[in-house]
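Visitor: The structure that follows is given in the form of structure tokens.
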Amino acid sequence: MDIPWIQIVSIAGAVFAVAFGALGPALGEGRSVAAAMDALARQPEAASTISRTLFVGLAMIETTAIYCLVVALLLLFANPFIR
-5 MDIPWIQIVS IAGAVFAVAF GALGPALGEG RSVAAAMDAL ARQPEAASTI SRTLFVGLAM
55 IETTAIYCLV VALLLLFANP FIR
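For the sequence shown, the working numbering assigns the number 77 to the last residue and increments by one with no breaks.
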């Protein structure tokens, strides 16, 4: 067997980090957008405030997925366990 176990576990960890790390933000962003659309339907005059708050919230939610992607890339390309 050419691939050591630590590389197999690192690849599996990267896969799980991206898979589960993207699931939560996707659900959170969906709920946020749905709530914003509901708020816009109820109060169209507050569209600018709601949109601004929505974009700030979406950016904060998306950082979780970006952190998981960074961890996965570190495991794949700069793995501290393989030296």
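We put the CB at the ideal spot given by N, CA and C, even for glycine.
Between the C-alpha atoms of C82 and S26, what's the straight-line distance to the nearest angstrom?
Guide: Nothing about residue 82 can be read from this structure; the chain reaches only from -5 to 77.
Visitor: Taking C-alpha atoms, which residue in A30, A35, P19, A40 lies nearest to T57?
Guide: P19
Visitor: Return the CA-CA distance between D32 and M54, expressed in angstroms with no decimal places.
Guide: 20 Å
Visitor: In whole angstroms, what is the alpha-carbon distance linking A28 and F75?
Guide: 42 Å
Visitor: Taking Cβ positions, are A66 and V12 nearer each other than 7 Å?
Guide: The criterion of a C-beta distance shorter than 7 Å is satisfied by A66 and V12.
Visitor: Spatial neighbours of L52 within its chain, please: CB distance less than 7 Å, with the 5 preceding and 5 following residues excluded, ordered by chain position.
Guide: E23, S26
Visitor: Please list, in chain order, all residues of the same chain as A30 whose beta carbon is under 6 Å from its beta carbon, the five residues on each side excluded.
Guide: I44, L48
Visitor: How many Å lie between F14 and G7 at the Cα?
Guide: 10 Å
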